[in-house]
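Q: Note that the protein sequences, when read in sequence, are chains A and B. For the first sequence, our numbering gives the first residue as 1, with consecutive numbering after it. For the second sequence, our numbering gives the first residue as 1001, with consecutive numbering after it. Quick one: the structure is below, and I'll ask about it shortly.
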Amino acid sequence: ELKVEQNPLFLSMQEGKNYTIYCNYSTTSDRLYWYRQDPGKSLESLFVLLSNGAVKQEGRLMASLDTKARLSTLHITAAVHDLSATYFCAPANTGNQFYFGTGTSLTVIP
Amino acid sequence: DAMVIQNPRYQVTQFGKPVTLSCSQTLNHNVMYWYQQKSSQAPKLLFHYYDKDFNNEADTPDNFQSRRPNTSFCFLDIRSPGLGDAAMYLCATSREGGFHTEAFFGQGTRLTVV
């Protein structure tokens, strides 16, 4: 089973600031998902990264994947309150299973 | 339009009474997954179907079973729910094999055991 670690677990940041969430995983993976979850809700797909060096951006969020380092990052630019949520990374193995990281609970403070 | 639909959204069951949760999809995806998410934890993969092939995670308790009668539907059966099985249950689908897609989640079923 893939082991997945995210850091930080909790992140409190001011509006307008930048920050990066890190996702490390233990074994070879050919793709990685990022999801957002609001309290009491299901998971909303943000990005799917399919190859080494992949970079995707949507609004204030940008995700990247380094398969050799087994590392993905989610960068937040000029945070706004609406970004407050829990963010999960989920790398997939060759057997089609994908396993979630511990999650990063983000609070953006006005 | 919802593409992955879970029913019911909320389910209350008695301790030890079998319960079935359902998931349907309109995406014609070949893979369907079931995850369990307890409060303030990450979703945990229970099992998945690749077409009709069932793949159980090694640490999924025997109390949890699944059925996939056709491409569109998948069921999660909990044979004897315990208090520790109270959680959000999430169904997801994806297309695998050559071209990978996003994995889409349903709205989840929140299970309460009394």
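Every residue, glycine too, gets a C-beta built ideally from N, C-alpha and C.
Rounded to whole angstroms, what's the CA-CA distance from Phe1104/B to Val1004/B? Just pull it up for me.
A: Computed Cα separation, rounded: 7 Å.
Q: For a contact defined as C-beta to C-beta under 7 Å, what are the partners of Ser121/A on chain B?
A: In this structure chain A extends from 1 to 110, so residue 121/A is not present and cannot be described.
Q: Quick check on Leu1046/B - is its C-beta less than 8 Å from some C-beta in chain A?
A: Not closer than 8 Å to any Cβ of chain A, the Cβ of Leu1046/B fails to qualify, so no.
Q: Does the segment 1011-1026 of chain B come close enough to the segment 74-90 of chain A to have 3 or more Cβ pairs within less than 8 Å?
A: In short, these stretches do not touch, since the Cβ pair count stays below three.
Q: Within a Cβ cutoff of 6 Å, which residues of the same chain sit near Lys17/A, ignoring the five residues on either side of it in sequence?
A: For Lys17/A, where only same-chain residues beyond five positions count, the Cβ hits under 6 Å are Ala79.
Q: Using the beta-carbon of each residue, which ones in chain A are nearer than 8 Å to Val1031/B?
A: Per Cβ cutoff of 8 Å: Asn96.
Q: Can you list the residues of chain A that Tyr1010/B reaches, using a CB-CB cut of under 7 Å?
A: Neighbours of Tyr1010/B on chain A: none; closest Cβ ~11 Å, over 7 Å.
Q: Does DSSP classify His1029/B as helix, strand or coil?
A: His1029/B falls in the coil class under three-state DSSP.
Q: Show which residues of chain B have a CB atom less than 7 Å away from the CB atom of Phe10/A.
A: Here the premise fails: no neighbours, minimum Cβ distance about 11 Å.
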